[in-house]
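Step one of this worksheet: look at the structure below.
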Amino acid sequence: MKGQTKRVVLNLKNWEGDITKLQKQFSDWEIENLQEVMYITKNAKINHIKITK
Numbered sequence: 022m023k024g025q026t027k028r029v030v031l032n033l034k035n036w037e038g039d040i041t042k043l044q045k046q047f048s049d050w051e052i053e054n055l056q057e058v059m060y061i062t063k064n065a066k067i068n069h070i071k072i073t074k
């Protein structure tokens with residue numbers, strides 16, 4: 022897809038969800054050409070979600 026981003030940063034500082042379920046969402050619903058998903062935790066740490074292909 023031309024014009025789509027390949028990298029995403031999610032600010033999850035105020036999010037109450039389950040990161041395991043979020044990881045599963047990205048695995049089950051692949052986004053074409055997505056290379057990297059990073060997220061910021063409540064403790065301001067930066068982590069990555071593994072992208073499976």
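Under the working numbering, the first residue of the sequence shown is numbered 22, with each subsequent residue one higher.
All C-beta atoms, glycine included, are put in the ideal place defined by N, C-alpha and C.
If you're wondering where the values come from, they're calculated on a predicted model, not measured in any experiment.
By Cβ distance, which residues of its chain are closer than 8 Å to K34, with the 5 residues on each side in sequence left out?
The residue you call residue 34 lines up with position 13 of the sequence shown. So the qualifying residues of the chain are I61, T62, K63 and A65.
Can we count R28 as close to the ligand GDP, meaning its CB is less than 7 Å from some heavy atom? Here there are no bound small molecules, and the ligand GDP is not part of this structure.
8 Å Cβ cutoff met for I72 and M59
For this step, residue 72 is matched to residue 51 along the sequence shown. For this step, residue 59 is matched to residue 38 along the sequence shown. Taking the C-beta atoms as reference points, M59 is found no nearer than 8 Å to I72.
Inset, instruction - Leaving aside the five residues before and after Q44 along the sequence, list all residues of the same chain whose C-beta is less than 6 Å from its C-beta, in chain order. - result: Mapped onto the sequence shown, residue 44 falls at position 23. Once the five neighbours on either side are set aside, the close Cβ partners of Q44 are I70.
Note the first and the last residue of the continuous alpha helix (DSSP H) segment covering L43.
-> Working through the sequence shown from its first residue, we reach residue 43 at position 22. I40 to D49 is the extent of the alpha helix (DSSP H) around L43.
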